[in-house]
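Participant: Sequence lines, in order, name chains A and B. Take 0 as the starting number for the first sequence in numbering that gives the first Met the number 0 and just add one per residue. Take 0 as the starting number for the second sequence in numbering that gives the first Met the number 0 and just add one per residue. C-beta: ideal position from N, C-alpha, C; glycine also.
There are 2 protein chains.
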Amino acid sequence: MPDDQTGKTVTDRTLQATDSTPVVQRPYADALSRLKQVGLRPTRQRMALAKLLFDGGDQHITAENLHGMARKAAVKVSLATVYNTLHQFTDSGLLREVVVGPGRSYFDTNTHDHHHFYVEPAGELVDIPVDSVELSRLPTPPDGTVMDRVDVIIRVTRP
Amino acid sequence: MPDDQTGKTVTDRTLQATDSTPVVQRPYADALSRLKQVGLRPTRQRMALAKLLFDGGDQHITAENLHGMARKAAVKVSLATVYNTLHQFTDSGLLREVVVGPGRSYFDTNTHDHHHFYVEPAGELVDIPVDSVELSRLPTPPDGTVMDRVDVIIRVTRP
DNA sequence: TCAACAGTTTAAAACAATTCTAAACTGGAA
DNA sequence: TTCCAGTTTAGAATTGTTTTAAACTGTTGA
Numbered sequence: 000m001p002d003d004q005t006g007k008t009v010t011d012r013t014l015q016a017t018d019s020t021p022v023v024q025r026p027y028a029d030a031l032s033r034l035k036q037v038g039l040r041p042t043r044q045r046m047a048l049a050k051l052l053f054d055g056g057d058q059h060i061t062a063e064n065l066h067g068m069a070r071k072a073a074v075k076v077s078l079a080t081v082y083n084t085l086h087q088f089t090d091s092g093l094l095r096e097v098v099v100g101p102g103r104s105y106f107d108t109n110t111h112d113h114h115h116f117y118v119e120p121a122g123e124l125v126d127i128p129v130d131s132v133e134l135s136r137l138p139t140p141p142d143g144t145v146m147d148r149v150d151v152i153i154r155v156t157r158p
Numbered sequence: 000m001p002d003d004q005t006g007k008t009v010t011d012r013t014l015q016a017t018d019s020t021p022v023v024q025r026p027y028a029d030a031l032s033r034l035k036q037v038g039l040r041p042t043r044q045r046m047a048l049a050k051l052l053f054d055g056g057d058q059h060i061t062a063e064n065l066h067g068m069a070r071k072a073a074v075k076v077s078l079a080t081v082y083n084t085l086h087q088f089t090d091s092g093l094l095r096e097v098v099v100g101p102g103r104s105y106f107d108t109n110t111h112d113h114h115h116f117y118v119e120p121a122g123e124l125v126d127i128p129v130d131s132v133e134l135s136r137l138p139t140p141p142d143g144t145v146m147d148r149v150d151v152i153i154r155v156t157r158p
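Right under this line is the structure:
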């Protein structure tokens, strides 16, 4: 079935497969430790979603998108749960939300300090490593507020 | 009627009023010239919206917001037209769209190079003058793309 | 082992912001 | 004036997300 429309190839093995059968060895170890880390109960759905999210390297994913991936992976999860989970993960620091357009928000599995290119009109996000942007002289926040984070989004187009 | 809920006081006079009657003298001069500038037909609705937008100094406005302002100013415009107009103005460079959250986008009457504080959870936008942010070392855009613009949004909260 | 309950998931409805549609209207050229 | 492309409109449709209320499931402690 060569119809990987989602774009990302998910690497399933955490240990080397030892024979021709592509049996996964300890596929949930990472997902489990992440959930424990932030104190979320490791339910079937959360585990599966965590695996999809964090086993695939750095990804920029929408809710619909992840829901589709779950479907393809034969994981039964409702869209509402996908939303719940994405927000719980975001709130506990496992994910970062990146807003690029009205009605368009991505969840980024890379929570380290970095910025983004946003390719329009494709709607594609591309990471920019921290050290290739230098922000000097940040302003002081308005009275009574504290700085939470700085988002730099460089909008680019294909001419 | 002292119920100016929208927050912005719009200055109507472009010339001094000459008697006690608050009759506006050339209230549409600026709106008209802006529309001509970008080649949009000066219709009743566009003129009225342009006036609301550009006579009030720098503003961050949502579509619903502007629709409400029009209502209060006794201007009959549909919400669909407000959206159309905001996008036409944006496309022709009269406005700039600032996206801060999923399903939350503002139109900024200040089209000069500048950045924003976004105060959460109030959802309030505050201008940052260009020269109080210094961006050095910008990355080169992905192959086949050209840089359109750089958005810096500093998210702040009231603790 | 099991009862019990808080936490979780779910389908479905509700919601908010925005866009679309098809018909009515209008500014301006001829 | 007439005419027509451009514009506006009400209302429906769409999109993305959240809420609701009921069913389910992990975990705890007897």
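1) Under 8 Å Cβ to Cβ from Met146/A, same chain only, skipping five residues before and after it: list those, please.
2) Residues of the region 97 to 111 of chain A with a CB closer than 9 Å to any CB of chain B: list them in chain order, please.
3) Could you check which residue in Leu39/A, Leu34/A, Thr89/A has the C-alpha nearest to that of Thr61/A?
4) In three-state DSSP terms, what is Tyr82/B?
5) Does Thr80/A have its Cβ less than 8 Å from a Cβ in chain B?
6) Taking the alpha helix (DSSP H) that Leu34/B belongs to, which residues open and close that run?
7) Roughly how many angstroms lie between the CA atoms of Ser96/B and Val74/B, to the nearest whole one?
8) Can you tell which of Ile153/B, Gly143/B, Leu78/B, Asp150/B has the C-alpha that lies nearest to the C-alpha of Thr156/A?
9) Between Ser163/A and chain B, is there a C-beta pair that is closer than 8 Å?
10) Skipping 5 residues on each side, what residues in its chain have a beta carbon closer than 6 Å to that of Gly100/B?
11) Quick check: the region 126 to 134 of chain A against the region 64 to 80 of chain A, are there 3 or more CB pairs under 8 Å?
12) Is the number of C-beta pairs between the region 111 to 118 of chain B and the region 78 to 86 of chain B that are closer than 8 Å three or more?
13) Closer than 7 Å by beta-carbon distance: list the chain B residues that pair up with Thr144/A, in chain order.
14) Taking Cβ to Cβ, would you say Val98/B is nearer than 8 Å to Val98/A?
15) Does any CB atom of chain B fall closer than 8 Å to the CB of Arg45/A?
Facilitator: Reading from the atomic positions:
1) Only residues of its own chain outside the window of five on either side were considered, and among them Leu137, Pro140 have a CB closer than 8 Å to the CB of Met146/A, listed in chain order.
2) Taking 9 Å as the upper bound on Cβ-Cβ separation, chain B lies near residues Val98, Val99, Gly100, Pro101, Gly102, Arg103, Ser104 of the region 97 to 111 of chain A.
3) Looking at the Cα atoms, Thr89/A is the closest of the given residues.
4) Three-state DSSP puts Tyr82/B in a helix.
5) Chain B, which has no Cβ nearer than 8 Å to the Cβ of Thr80/A, makes this no.
6) Note, Leu34/B: alpha helix (DSSP H), 28 to 37.
7) According to the sequence displayed, residue 96/B carries Glu and not Ser. If I take the Cα positions, the gap works out to 23 Å.
8) When only C-alpha atoms are compared, the closest one is Gly143/B.
9) Past the edges of chain A, shown from 0 to 158, lies residue 163/A, and the structure says nothing about it.
10) Taken in chain order, the list of residues that qualify is empty.
11) Taking a contact to require three or more Cβ pairs closer than 8 Å, the region 126 to 134 of chain A and the region 64 to 80 of chain A do not qualify as touching.
12) The region 78 to 86 of chain B and the region 111 to 118 of chain B do not touch, with fewer than three beta-carbon pairs separated by less than 8 Å.
13) Taking the beta carbon of Thr144/A as reference, the chain B residues within 7 Å of it are Val118, Val155, Thr156, Arg157, listed in sequence order.
14) Going by C-beta atoms, Val98/B is nearer than 8 Å to Val98/A.
15) Under the 8 Å criterion on CB atoms, Arg45/A is classed as non-interfacial with respect to chain B.
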